[in-house]
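Only one structure is covered here, and it is reproduced in the block below.
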Amino acid sequence: MTGQLTLHWSPKSPYVRKVMVCAHELGLVDRLHLVRSVAAMLKPNPEIMAVNPLSKIPTLVREDGSVLFDSVVICEYLDTLAGGTIFPAEGEARWQALRWHAFGDGLLDALILWRNERERAQPLQGLLDAFALKVRSSLLLLDAEAAALGAAPFSIGTLTVGCALGYIDYRFDALGWRNTAPQLAAWHAELMQRPSFQATEPIDG
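Count the sequence shown with the numbering used here and you get residues 370 to 574, in order.
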């Protein structure tokens with residue numbers, strides 16, 4: 370397969386960033402036709418809904434017109450096209466990578482819900498406090514695992530944790546997460562030296 374793939378995309382979305390980091394790492398960026406798509410929670414996008422009724426990004430349209438939803442599914446598809454390097458095939462390495470992926474995605478989910486709540490006209494303080502506690506607790510656990518993250522091969526797990534931390538920098542800069550998790554911060558700084566992350570830094574617009 371050498372044809373073009375259409376990706377509904379946004380430079381702000383951390384889930385899209387996961388896909389784009391994979392594409393850069395796997396040498397597949399040139400195969401992606403990027404369609405700038407806004408997927409607002411309160412305003413479903415008819416163009417996205419024509420291929421994905423959930424109106425969510427990333428959404429990937431393959432050459433035959435079939436559609437893949439959800440960032441991890443798209444990442445695994447791209448990994449398959451490139452011969453499989455980002456998803457460990459078996460053993461403990463696979464389970465650790467999938468665990469970190471689930472952790473990173475869960476952290477992103479909490480962060481996005483936290484952001485939505487704090488932007489409401491009358492946010493619920495109990496929810497704000499709960500999200501703050503979950504994020505802080507997650508950072509502490511990841512800080513304790515920073516050495517393991519650093520020793521592990523680059524994978525969907527390390528990639529997703531990196532994207533989650535990048536989203537904190539983008540939307541929660543005042544949180545000062547590096548003070549909470551200094552070992553994790555050192556690992557993250559090294560990860561951010563990879564060209565795939567430098568090329569996918571979230572931007573407004």
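C-beta: ideal position from N, C-alpha, C; glycine also.
TODO: Under 8 Å by Cβ, that's how I've got L376 and V404 pegged, so tell me the actual separation to the nearest angstrom.
DONE: Cβ-Cβ separation between L376 and V404: approximately 7 Å, consistent with a contact (criterion under 8 Å).
Open item on the list: Suppose contacts are defined by Cβ-Cβ distances below 8 Å. Is S565 in contact with E394 by that definition?
Closed with: For S565 and E394, yes; Cβs fall inside 8 Å.
TODO: Determine, using beta carbons only, whether L553 and L482 come nearer to each other than 8 Å.
DONE: Taking 8 Å as the Cβ cut-off, L553 and L482 do not qualify as a contacting pair.
Task: Helix, strand or coil at L411 according to DSSP, with G and I counted as helix - done: Three-state DSSP puts L411 in coil, outside helix and strand.
- [ ] Give the DSSP bridge partners of W378, in chain order.
- [x] Within the DSSP secondary-structure output, W378 pairs in a beta bridge with R405.
Task: Spatial distance of A471 from W464 (CA atoms) - done: Approximately 10 Å between the Cα atoms of the pair.
TODO: Spell out a yes or no on whether the stretch 491-502 and the stretch 519-536 are touching, meaning 3 or more CB-CB pairs, one atom from each, closer than 8 Å.
DONE: Not touching, per the Cβ criterion.
Open item on the list: Less than 8 Å between the beta carbons of C532 and K425, yes or no?
Closed with: Against a cut-off of 8 Å, the Cβ pair of K425 and C532 comes out as no contact.
TODO: Starting from T527, trace the alpha helix (DSSP H) both ways and give me its first and last residue.
DONE: Unbroken alpha helix (DSSP H) run through T527: 525-540.
Open item on the list: Given this structure, state the Cα-to-Cα distance separating R540 from L447, to the nearest angstrom.
Closed with: Taking the straight line joining both Cα atoms gives about 28 Å.
Open item on the list: At a cut-off of 7 Å, would you count P380 as near the ligand FAD, judging by its Cβ distance to the nearest heavy atom?
Closed with: Ligands displayed in this structure: none; no statement on the ligand FAD is therefore possible.
- [ ] Return yes when the Cβ of L502 is within less than 8 Å of the Cβ of Y536, no when it is not.
- [x] Result no, Cβ atoms of Y536 and L502 do not sit closer than 8 Å.
- [ ] Using the DSSP secondary-structure output, state which residues sit across from T428 in a beta bridge.
- [x] Its beta-bridge partners are H377, F438.
- [ ] Would you mind stating whether A408 and I417 have Cβ atoms separated by less than 8 Å?
- [x] Yes, the Cβ-Cβ distance between A408 and I417 is below 8 Å.
Open item on the list: For G473 and G434, what's the separation of their Cα atoms in angstroms?
Closed with: Rounded to the nearest whole angstrom, the CA to CA distance from G473 to G434 is 30 Å.
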